[in-house]
Each structure stands twice: as C-alpha cells, then as structure tokens.
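Heads up: the structure comes next, in structure tokens.
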C-alpha cells in the first residue's frame with residue numbers, strides 16, 4: 001500500500017469508528033505526539049487514547065487532503081474536525097453536547113509500510129471558544 005493510501009485507510013477507519021482497525025496501520029513502535037501534550041509510545045497507549053476520545057467526543061473528519069513526499073516516508077493531512085463534546089474531559093470545560101468545527105492537521109512518519117509517528121495540531125483556544133469556555 002502506498003503512503004497516501006495508508007493514510008486514507010487510517011482516516012477511513014477513524015471516520016467509521018473502527019479504532020481497532022486503525023491500530024493495524026500503525027508500526028509497533030508508534031509515537032503519538034498529542035496536540036499540546038506529551039508523547040505516547042506504543043500501540044497500547046494509542047488504543048487507550050482512542051478509547052478515551054471515543055468516550056468524550058464523537059468526531060468525523062471532512063475535507064481531508066493527504067500529502068506525501070516522494071520517498072513515501074513522510075506524509076501530512078489537512079482536514080476539518082466536525083465534532084460533538086460528549087463527556088467532560090479532565091481539565092477542560094463541562095461537556096453538554098456542544099458541537100464544534102475545527103480545522104486541524106496531522107504529520108506522519110512511515111516506517112516498514114506502517115505509520116510510525118502521528119503528530120496532530122489544532123487550535124485549542126478556538127475549540128475552547130466553540131464549546132463555551
């Protein structure tokens with residue numbers, strides 16, 4: 001599978017809520033760089049993050065544009081997050097079913113045909129404003 005197809009499959013699984021399938025696209029030594037947060041290493045930590053996100057948010061990504069370098073070892077995606085805040089996330093405002101539309105992007109490193117790094121960026125201040133912080 002080429003890099004763009006790999007990233008597309010990863011996001012198709014995300015949009016369909018198939019977080020277990022997302023793990024199949026990840027390298028065993030995945031590094032997940034969280035927006036304004038730390039680095040989670042390994043598939044188990046990534047799965048824990050997905051479970052947490054599924055409890056707190058319902059999100060669909062639209063307007064996805066995927067870019068990849070010629071070597072296929074680096075990629076990026078730009079998209080719009082269309083979400084609903086379902087359950088209060090620690091340290092964030094109270095969830096009351098607020099909806100949000102948020103531009104975002106992710107950078108990827110690819111190794112051995114799998115995603116080895118996921119680094120996601122979005123404007124947290126914009127999200128806070130949209131959920132009424």
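Numbering (the UniProt record's numbering), first residue to last: 1 to 133.
Just so you know, even glycine gets a beta-carbon here, dropped at the ideal spot from N, CA and C.
Just so you know, these numbers come straight off a predicted model, no measurement behind them.
Cβ contact annotation for residue 3 (same chain, cutoff 6 Å, sequence separation greater than five): 68, 72, 75 and 110, in chain order. By the Cβ neighbour-count rule, residue 62 is exposed, with fewer than 16 other Cβ atoms within 10 Å of its own. Residue 112 and residue 60 have their C-alpha atoms some 28 Å from each other. Runs of beta strand (DSSP E) with 3 or more residues, each lying fully within the stretch 27-100, are found at 39-41, 57-68 and 74-85, listed in chain order.
Inter-segment contact for the stretch 18-29 and the stretch 111-126 is present: three or more beta-carbon pairs are separated by less than 8 Å. Around the C-beta of residue 131, 16 or more other C-beta atoms lie within 10 Å, and the residue is accordingly described as buried.
Cα atoms of residue 52 and residue 88: separation of roughly 11 Å, rounded to the nearest angstrom.
8 Å or more divides the Cβ of residue 34 from the Cβ of residue 106. When DSSP states are grouped into helix, strand and coil, residue 16 belongs to the coil group.
In the assembly as shown, residue 38 is an exposed residue. Its beta-carbon has fewer than 16 other beta-carbons within 10 Å. Residue 83 is classed as buried because its beta carbon has at least 16 other beta carbons within 10 Å across all chains shown. Within the same chain, and ignoring the five residues on either side of residue 12 in sequence, no residue has its Cβ closer than 6 Å to its Cβ.
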